[in-house]
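Visitor:
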Amino acid sequence: DVKVTQSSRYLVKRTGEKVFLECVQDMDHENMFWYRQDPGLGLRLIYFSYDVKMKEKGDIPEGYSVSREKKERFSLILESASTNQTSMYLCASSLSLTGSGNTIYFGEGSWLTVV
Amino acid sequence: AQKVTQAQTEISVVEKEDVTLDCVYETRDTTYYLFWYKQPPSGELVFLIRRNSFDEQNEISGRYSWNFQKSTSSFNFTITASQVVDSAVYFCALSEARDSNYQLIWGAGTKLIIKP
Chain A
-18 DVKVTQSSRY
-8 LVKRTGEKVF
2 LECVQDMDHE
12 NMFWYRQDPG
22 LGLRLIYFSY
32 DVKMKEKGDI
42 PEGYSVSREK
52 KERFSLILES
62 ASTNQTSMYL
72 CASSLSLTGS
82 GNTIYFGEGS
92 WLTVV
Chain B
5 AQKVTQAQTE
15 ISVVEKEDVT
25 LDCVYETRDT
35 TYYLFWYKQP
45 PSGELVFLIR
55 RNSFDEQNEI
65 SGRYSWNFQK
75 STSSFNFTIT
85 ASQVVDSAVY
95 FCALSEARDS
105 NYQLIWGAGT
115 KLIIKP
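Sequence lines, in order, name chains A and B. The opening residue of the first sequence carries number -18 in my numbering; numbering runs sequentially from there. The opening residue of the second sequence carries number 5 in my numbering; numbering runs sequentially from there.
1) Label A/Arg49 either buried or exposed according to how many other C-beta atoms from any shown protein chain fall within 10 Å of its C-beta, with 16 as the threshold for buried.
2) If you follow the beta strand (DSSP E) that B/Phe81 is in, where does it begin and where does it stop?
3) Considering only C-alpha positions, which residue in the set B/Asp22, B/Ser16, B/Ser75 is nearest to B/Ser57?
4) Among residues of its own chain, excluding the 5 on either side of A/Ile41, which ones have a beta-carbon nearer than 8 Å to its beta-carbon?
5) My output table needs one value for A/Asn65: the three-state DSSP class, helix, strand or coil.
6) Which residues, in chain order, does the region 31 to 53 of chain B contribute to contact with chain A at a C-beta distance below 8 Å?
7) Is the CB-CB distance between B/Ser78 and B/Cys27 below 9 Å?
8) Let me see if you follow: with CB-CB separation under 9 Å, is A/Glu50 close to chain B or not?
9) Under a three-way DSSP split, which group does A/Val47 fall into?
10) Please report the straight-line C-alpha distance between A/Lys38 and A/Phe29, rounded to a whole angstrom.
11) Enumerate, from N- to C-terminal direction, the unbroken beta strand (DSSP E) stretches of 3 or more residues contained entirely within the region 69 to 96 of chain A.
12) Restricting to Cα atoms, I'd like to know which of B/Trp40, B/Tyr36, B/Thr35 is closest to B/Thr24.
13) List, in order along the chain, the chain A residues whose C-beta lies closer than 8 Å to that of B/Ala112?
14) Using a C-beta cutoff of 9 Å, does A/Leu76 count as contacting chain B?
15) Taking A/Ser(-15) as the reference, which of A/Pro20, A/Phe55, A/Val0, A/Glu43 has the closest Cα?
16) Looking only at DSSP bridge pairs, what is A/Asp116 linked to?
17) Could you tell me the alpha carbon to alpha carbon distance between A/Ser61 and B/Pro120, rounded to whole angstroms?
18) Can you list, in chain order, the residues of its chain with a C-beta nearer than 7 Å to that of A/Val47? Leave out the 5 residues immediately preceding and following it.
19) For a minimum of 4 consecutive residues, which ranges assigned as the alpha helix (DSSP H) are wholly contained in the region 32 to 77 of chain B?
20) Given a cut-off of 9 Å, decide if B/Glu14 and B/Thr114 are closer than it, judged by their beta-carbon atoms.
21) Report, in whole angstroms, the separation of the C-beta atoms of A/Gly44 and A/Tyr70, which I expect to be a contact under 8 Å.
22) Have a look at B/Val32 and B/Asn71 and give me their C-alpha separation to the nearest angstrom.
23) Does B/Leu25 have its Cβ less than 9 Å from a Cβ in chain A?
24) Measuring straight from C-alpha to C-alpha, what distance separates B/Glu60 and A/Val33?
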């Protein structure tokens, strides 16, 4: 089974803090994703990465950055957290972007509250 | 433009009833993929099924079945003999082979409540 593990399930951070959300996958997948999910807005893609050290902006990259130094690990960084970044963050991975391996598998989610 | 519509915002049924969740999609691509995910209250999105546009066979997995009809651009999901553990939000999603961002286009989700 594919396993995507997010390091923190629940976090409370102060406005202006730097926040790291860590994600690890154990299936040697090429691609990794960060989404946020908000009531009424659904799932929105923040960033994705198709290879080590490679990244692509999604729909809402502003206020976020990412890091992929190793294939299995994809980090989401909030340089200076703001209250409008309070949300649930979902990490995901897929073997490929197209074809038979393009199923995206998700982690359990990280609930971030910025106060 | 690509779009996924889940018109049912919330469905509530009594345990053991059958329930169908609707999904209608729009795409100009001839090669595309459709997905269903389940999101229980714990938050994790659980992959249920993936279908490519060339495979219109219906699929059954235990109490779950999926009806893919290209003629009506629909990919509906039926749970037979529902159970309380089926309570969750269910999302339908579309991925187009041609999309340079290879993004999933998500439906808004249908909240399914199974009452004991």
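Where a beta carbon is used, it is the ideal one built from N, C-alpha and C, also for glycine. Since the model is a prediction, treat every value here as computed from it, not as a measurement.
Guide: So, from the data block:
1) Walking along the first sequence from the start, residue 49 of chain A turns up at place 68. Buried is the call here.
2) To locate residue 81 of chain B, count along the second sequence from 1; it is residue 77. 78 to 83 is the extent of the beta strand (DSSP E) around B/Phe81.
3) Looking up residue 57 of chain B in the second sequence gives position 53. Looking at the Cα atoms, B/Ser75 is the closest of the given residues.
4) Here residue 41 of chain A refers to the residue found at position 60 when the first sequence is read from its first residue. Result list for A/Ile41: Arg17, Arg25, Leu26, Ile27, in chain order.
5) Indexing the first sequence from 1 puts residue 65 of chain A at position 84. Helix, per DSSP.
6) If the cut-off is 8 Å between Cβ atoms, the region 31 to 53 of chain B has Tyr37, Phe39, Tyr41, Ser46, Gly47, Glu48, Leu49, Val50, Phe51 near chain A.
7) As a first step, residue 78 of chain B must be located in the second sequence, where it is residue number 74. As a first step, residue 27 of chain B must be located in the second sequence, where it is residue number 23. Yes, they are a contact pair.
8) By one-based count along the first sequence, residue 50 of chain A stands at place 69. Chain B, which has no Cβ nearer than 9 Å to the Cβ of A/Glu50, makes this no.
9) Translated into positions along the first sequence, residue 47 of chain A becomes position 66. Residue state, collapsed to three classes: strand.
10) The residue you call residue 38 of chain A lines up with position 57 of the first sequence. The residue you call residue 29 of chain A lines up with position 48 of the first sequence. Whole-angstrom Cα-Cα distance: 7 Å.
11) 91 to 95
12) Position 20 of the second sequence, counting from 1, holds the residue named residue 24 of chain B. Nearest C-alpha to B/Thr24: B/Trp40.
13) Here residue 112 of chain B refers to the residue found at position 108 of the second sequence. The answer, in chain order, is Gly23.
14) Translated into positions along the first sequence, residue 76 of chain A becomes position 95. Chain B, which has no Cβ nearer than 9 Å to the Cβ of A/Leu76, makes this no.
15) Here the question's residue -15 of chain A lines up with position 4 in the first sequence. The amino acid occupying residue -15 of chain A in the given sequence is Val; Ser does not appear at that position. Comparing Cα-Cα distances from A/Val(-15) to each of A/Pro20, A/Phe55, A/Val0, A/Glu43, the minimum goes to A/Phe55.
16) Only positions -18 to 96 of chain A appear in the structure, and residue 116 of chain A is not among them; the question remains open.
17) Residue mapping note: residue 61 of chain A aligns to position 80 of the first sequence, counting from 1. Residue mapping note: residue 120 of chain B aligns to position 116 of the second sequence, counting from 1. Distance between the alpha carbons of A/Ser61 and B/Pro120 is about 46 Å.
18) Taking the first residue of the first sequence as 1, we reach residue 47 of chain A at position 66. Only Trp15, Tyr28, Ser30, Lys36, Phe55, Ser56, Leu57, Ile58 meet the Cβ criterion.
19) The DSSP assignment places no complete run of the alpha helix (DSSP H) inside the region 32 to 77 of chain B (cut-off: 4 residues).
20) Position 110 of the second sequence holds residue 114 of chain B. Position 10 of the second sequence holds residue 14 of chain B. Judged by beta-carbon spacing, B/Glu14 lies within the 9 Å limit of B/Thr114, meaning their Cβ atoms are closer than that value.
21) Taking the first sequence and counting its residues from 1, the one referred to as residue 44 of chain A is at position 63. Taking the first sequence and counting its residues from 1, the one referred to as residue 70 of chain A is at position 89. With a beta-carbon spacing of about 12 Å, A/Gly44 and A/Tyr70 fall beyond the 8 Å limit used to define contacts.
22) Sequence index remark: in the second sequence, residue 32 of chain B carries index 28 (1-based). Sequence index remark: in the second sequence, residue 71 of chain B carries index 67 (1-based). The amino acid occupying residue 32 of chain B in the given sequence is Arg; Val does not appear at that position. Their backbone Cα atoms lie some 20 Å apart in a straight line.
23) The count along the second sequence starts at 1 and reaches residue 25 of chain B at position 21. For B/Leu25, the answer is no, since every Cβ of chain A falls outside 9 Å of its Cβ.
24) On the second sequence, position 56 is the one that residue 60 of chain B refers to. On the first sequence, position 52 is the one that residue 33 of chain A refers to. Using only the alpha carbons, I get a separation of about 36 Å.
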